[in-house]
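Read the structure below first, then the notes.
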Amino acid sequence: MTKSVLELRNLRKAYGALAVTDDVSLSVHPGELHAIIGPNGAGKTTLIHQISGLLPSDSGEIIFDGEDVTRLPMHQRVRRGLARSFQITSILPGFSALENVALAVQARSGSSFRFFGHAARERALNEPAMDCLNLVDLGARAQIMAGLLSHGEKRQLELSIALATEPKLLLLDEPLAGTGQEESQRVVETLRRLKSHTTIVLIEHDMDAVFSLADRVSVLVNGRLIATDTPERIRANAEVRAAYLGEEEAV
Amino acid sequence: MTELTEMQSAPVPSPVMRLELVPIILFAAFAATPTLAAYSGAEGYILSLLTRVMIFGIAAMSLDLILGYGALVSFGHAAFLGIGGYAAGILASHGIEDALIQIPVVLAASAAFAFLTGAISLRTKGVYFIMITLAFGQMLFFLATSLAAYGGDDGMTLSARSLVAGWGVLKNDIAFYWMALLCLLGTYGLSRAVVASRFGRVLRGTRENTIRMQAIGFQPFRYQLVAYVLSGMMAGLAGFLLANQAEFVSPAFMTWQRSGELIFMVVLGGLGSLHGAVIGAAAFLLLEEFLPEILHAVSFFLSDDIRSRLAENWKMVFGPLLILIVLFARGGIMGLLRRGRHD
Ligand SMILES: Nc1ncnc2c1ncn2[C@@H]1O[C@H](COP(=O)(O)OP(=O)(O)OP(=O)(O)O)[C@@H](O)[C@H]1O
Ligand SMILES: [Mg+2]
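Residue numbers (the working numbering), protein chains in the order written: chain A, 1 to 251; chain B, 1001 to 1343.
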């Protein structure tokens, strides 16, 4: 078996008596797009917070790229190639789209303890940033203040920022959340393109998107992983249907 | 693609360009003052008032660096004025009177204090940060009052202004004025460079969204701490100048009210433009200086008795006036100037 990019071993997190992440073990293979689905409140965002380092875990281990990162702070995990997006858009609204991405490039290229020189004019930062913007079709909007972009564009920008950190693994928390029909189509297209660049863990409620993009799907219910399999077999899995898919597909 | 990256490196667009007029006019006015003051008949008074404005301008600007660009509300910034003043005074009392030694000591002492207190306070956020910086400021204030050897409560008189390489040039008020202006220009230029640099961009990014900055791999704490140290050093320099101008230093340099005034100056001038803080300091100090006369003049329609009482109790008008300015001139004086240009 190939070495996994990410491996979760018996991960746990509880808020008081509520076990939000309940003994989760999971391994993500290199190059795959691994979707995690589950009803509202299943603990998907919490799990991403734990993997990315925004939230500490109560117990268990997170092995990333062969290294135990369980106790590393978020910024150090990012430097090792673990990037994420947020369910609620998280950008720098007062910076241009280009500068949002250029900052991510800056984070990985040389020291930021430089007190002279105009950072916004550094080609070495702007050019890779522009490439990342083009990858999500935002090239033409590079100079627009990020806070003024449409909601869908902000989602795209967030993807672009994550890409600019040159991740080995991309954790995406509902990149389609709140986007309209057309916008969501665009994000799906972007994701399809990103698939070939990097390994992705995708949390998404949009089942069409999930089943068309994912190589494997894990189902999280009440903090527990109840199944991990190919999209076809997840679709057919009785337990999954009962716990989750039934209600969704009925719509 | 290259087209757009080019655009970024092209000269800044015109609205920003035009705004740059403000600092140019501001500093030109400071530079022209000694010449103009010579004809005014009140040269000494004008120079001393504007020297004070420039010194507080440096202090307010140093605060703007962390408050306006880093959203760090330090309520203990006057402590650095005290450190600068006392370092100069204590050294002078031991016979070390040369600015070429005093200033490096002032900067080192301010940096050390900023590093130690910043390393602790920056682990807290919001109101806790305000409280803890206030606490450190008060700590230093009480330390100064207990320094019996250096005047305690009463403060200490400096035997003379600092020398420059053994030369007593600063005794001359005009020379001292230029020295203050030089320091103001130097710290302004340095701050301008810093906020536009890679470092400054991280600081500004952290102000907008700390989590986002961590999520692209930055550890905000380190950048905030360095900014805090830089800011403290600049405020320390202002303290050195302040003590030199008055040839006196006392615990009153670092009361919490003084820290509050510095915040007020920054907000009054407009957060996050650096020269706005200098304008805020000027507006604050000039208002404080002339409000009694202004009140006396504008209340011409009232009886003499009320007029004189109004002028006497000008502080009752000063406070509400400042509040009104802040409320109705969002973005401070710089905000007003900006709006004026867009209309
Ligand atoms: N800080 C907190 N304190 C207490 N409970 C919390 C906290 N954060 C989340 N929870 C609870 O943990 C559970 C999982 O939340 P989480 O946000 O991880 O769910 P999710 O699967 O991402 O849901 P959604 O699909 O709605 O985004 C929920 O029941 C939520 O109420
Ligand atoms: Mg969620």
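Beta carbons: idealized from backbone N, C-alpha and C, even for Gly.
> Any residues in the stretch 1190 to 1201 of chain B with a beta carbon nearer than 9 Å to a beta carbon of chain A? Which ones, in chain order?
Replying inline: For the stretch 1190 to 1201 of chain B, which is checked against every Cβ of chain A, the residues closer than 9 Å are Leu1190, Ala1193, Val1194, Ala1196, Ser1197, Arg1198, Phe1199, Gly1200, Arg1201.
> From the beta carbon of Glu1043 of chain B, is the nearest beta carbon of chain A less than 8 Å away?
Replying inline: no
> Distance, Cα to Cα, Gly1070 of chain B vs Asp1064 of chain B?
Replying inline: So the two alpha carbons sit approximately 8 Å from each other.
>> Using a Cβ-Cβ cutoff of less than 6 Å, which residues in the same chain neighbour Arg1258 of chain B once the five nearest sequence positions on both sides are dropped?
In response: Only Ala1078 meet the Cβ criterion.
>> Short of 8 Å in beta carbon distance, which residues of its chain neighbour Met1001 of chain B, apart from the five on each side in sequence? Order them along the chain.
In response: The pLDDT assigned to Met1001 of chain B is 37, lower than 50, so where the model puts this residue is not dependable, and the model offers no usable value.
> If you run the structure through DSSP and keep just helix, strand and coil, what is Leu1324 of chain B?
Replying inline: helix
> Span of the beta strand (DSSP E) holding Asp22 of chain A?
Replying inline: 18 to 28
> Do the CB positions of Arg224 of chain A and Asp65 of chain A come within less than 8 Å of each other?
Replying inline: no
> How close, in whole Å, do the beta carbons of Leu169 of chain A and Val28 of chain A come, if the pair is a contact with beta carbons under 8 Å?
Replying inline: 7 Å
>> Only counting the same chain, and skipping five residues up and downstream in sequence, which positions put a Cβ closer than 7 Å to that of Ser1159 of chain B?
In response: Ala1092
> So is Gly1095 of chain B buried or exposed if we call it buried at 16+ other beta carbons inside 10 Å?
Replying inline: exposed
> Name the chain D residues that come within less than 9 Å of Pro93 of chain A, Cβ to Cβ?
Replying inline: Reference to chain D is not applicable here, since the protein chains of this structure are A and B.
>> Which complete beta strand (DSSP E) runs does the stretch 1231 to 1288 of chain B hold, if anything under 3 residues is left out?
In response: Scanning the stretch 1231 to 1288 of chain B for uninterrupted beta strand (DSSP E) segments of 3 residues or longer gives nothing; none is fully contained.
>> By the three-class DSSP mapping on this structure, what secondary structure does Ala227 of chain A have?
In response: strand
> What's the gap between the Cα of Val221 of chain A and the Cα of Leu138 of chain A?
Replying inline: A direct Cα-to-Cα measurement between Val221 of chain A and Leu138 of chain A gives close to 36 Å.
> In chain order, what residues of the stretch 157 to 191 of chain A put their CB closer than 7 Å to some CB of chain B?
Replying inline: Ile161, Thr165
>> Measuring only from the beta carbon, is Lys13 of chain A closer than 7 Å to any heavy atom that is part of ligand 2?
In response: no
>> I want to verify the contact list: residues of chain B whose CB lies under 8 Å from the CB of Gln106 of chain A, in sequence order.
In response: Here the neighbours are Arg1198, Arg1201, Val1202.
> Nearest-angstrom Cα distance between Ser1014 of chain B and Pro1023 of chain B?
Replying inline: Note that Ser1014 of chain B has pLDDT 47, beneath the 50 cutoff, so the model's placement of it is unreliable and the number below is only indicative. So the alpha carbons of these two residues sit roughly 16 Å apart.
> Are the beta-carbon atoms of Val1180 of chain B and Ile1055 of chain B separated by less than 8 Å?
Replying inline: Note that residue 1180 of chain B corresponds to Ala in the displayed sequence, not to Val. In this structure, Ile1055 of chain B lies closer than 8 Å to Ala1180 of chain B by Cβ.
> Does ligand 1 have even one heavy atom less than 7 Å from the beta-carbon of Gly38 of chain A?
Replying inline: It does: the Cβ of Gly38 of chain A is within 7 Å (strictly closer) of some heavy atom of ligand 1.
> Is the CB of Phe64 of chain A under 8 Å away from at least one CB in chain B?
Replying inline: Judged by the 8 Å Cβ criterion, Phe64 of chain A is not in contact with chain B.
>> Nearer than 7 Å: is that true of the beta carbon of Thr1117 of chain B relative to any heavy atom of ligand 2?
In response: no
> Do Met74 of chain A and Ala1238 of chain B have their C-beta atoms closer together than 8 Å?
Replying inline: no
> Along chain A, in chain order, which residues have C-beta atoms closer than 8 Å to that of Val1229 of chain B?
Replying inline: Under the 8 Å cutoff, chain A gives no residues; its nearest Cβ is about 12 Å from Val1229 of chain B.
>> Just list the residues that DSSP pairs Glu67 of chain A with in beta bridges.
In response: A:Phe64
> Hey, Leu1050 of chain B and Thr1033 of chain B are a contact pair by Cβ (cut 8 Å); roughly how many whole angstroms apart?
Replying inline: 6 Å
> List, in order along the chain, the chain A residues whose C-beta lies closer than 8 Å to that of Val961 of chain B?
Replying inline: Outside the displayed span of chain B (1001 to 1343) sits residue 961 of chain B, for which this structure offers no information.
> Which bits of chain B does Leu103 of chain A rub up against, with CB to CB less than 7 Å?
Replying inline: Arg1201, Gly1205, Ile1216
>> Beta-carbon within less than 6 Å of Leu1322 of chain B's beta-carbon, same chain only, minus the 5 sequence neighbours each way: which residues are those?
In response: none
> Can we count Asp240 of chain A as close to ligand 1, meaning its CB is less than 7 Å from some heavy atom?
Replying inline: Note that residue 240 of chain A corresponds to Val in the displayed sequence, not to Asp. No; taking the cut-off as 7 Å, the Cβ of Val240 of chain A has no heavy atom of ligand 1 nearer than that.
> Is it buried or exposed for Lys154 of chain A, if we count other Cβ within 10 angstroms and need 16 for buried?
Replying inline: buried
>> Which same chain residues end up closer than 7 Å to Leu72 of chain A when comparing Cβ atoms and leaving out the 5 residues on each side of it in sequence?
In response: Gly53
> In the DSSP assignment, what are the bridge partners of Glu7 of chain A?
Replying inline: A:Ser27, A:Ile63
> Between the stretch 57 to 84 of chain A and chain B, which residues of the former have CB atoms less than 7 Å from a CB of the latter, in chain order?
Replying inline: Met74, His75, Val78, Arg79, Arg84: these are the residues of the stretch 57 to 84 of chain A whose beta carbon lies less than 7 Å from some beta carbon of chain B, given in chain order.
>> Tell me the rounded alpha-carbon separation between Arg1338 of chain B and Gly1189 of chain B.
In response: 21 Å
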